[in-house]
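First up is the structure itself, then whatever we jot down about it.
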Amino acid sequence: MPELERLRAGHAPAVLAFELANRAYFAASVSDRGDDYFDRFAERYDALLAEQEAGVCAFHVLVAEDGSVLGRFNLVDIEDGTAELGYRVAQHVTGRGVATATVRELCRLAASRHGLRTLWAATAHANTASQKVLTKAGFTRDGPADPADIGGKPGSWYRLDLVPRQ
1037 MPELERLRAG HAPAVLAFEL ANRAYFAASV SDRGDDYFDR FAERYDALLA
1087 EQEAGVCAFH VLVAEDGSVL GRFNLVDIED GTAELGYRVA QHVTGRGVAT
1137 ATVRELCRLA ASRHGLRTLW AATAHANTAS QKVLTKAGFT RDGPADPADI
1187 GGKPGSWYRL DLVPRQ
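Using my numbering, you'd call the opening residue of the sequence shown number 1037 and step up by one each time.
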């Protein structure tokens, strides 16, 4: 059974393998990370761990029983009870409810572990799979997203109130 784990240094080889194996698949719906990302992966990975240690972000990986990474699920820009949710799953597990179940789990952790009240997520209009995941996880469309926020593509912001608005 896959487990959602907080990102740690030991995940680096599996995360890199995940990103490389799914690079073309991801580039079809979000902007490609570019060659520089892979050339400087170790440096960038260490920076992520530092951001996490500082409490600015909370990075997670969904790890299969064999140790491979099936997905990345992140809370970024944690501030004043809010954060942005970002995620990507391996192509070979899409359409099986993996993203929806893991987004729901991360939403529970966002409230219980990080004390967050509101999560935001942006997705391109063309990324209907991501829209379905967000909707099934309880997010509602909350307005247009700046194309700069989602790789230059038109899209929308989605919002989930983890604690009812007062």
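Ideal placement from N, C-alpha and C gives every residue a C-beta, glycine not left out.
Excluding the 5 residues flanking it on each side, Y1081 has same chain C-beta neighbours closer than 6 Å at A1048, in chain order.
In the DSSP assignment, V1125 falls within the beta strand (DSSP E) that extends over 1118-1125.
Here D1068 really is in contact with R1059; their C-beta atoms are around 7 Å apart, less than 8 Å. Counted as a single uninterrupted DSSP element, the alpha helix (DSSP H) harbouring D1072 occupies residues 1071-1075.
Considering only R1149, T1171, T1138, the residue with the shortest C-alpha distance to S1192 is T1171. V1097 is positioned such that its CB atom lies no closer than 9 Å to that of L1142. Bridge partners of V1097 according to DSSP: E1041, R1108.
For R1140, the enclosing alpha helix (DSSP H) covers residues 1134-1148.
Residue pairing from DSSP places T1176 in a beta bridge opposite R1195. The stretch 1148-1162 makes contact with the stretch 1178-1198, as at least three CB pairs between them are under 8 Å.
Collapsing the DSSP output to three states places L1155 in a strand.
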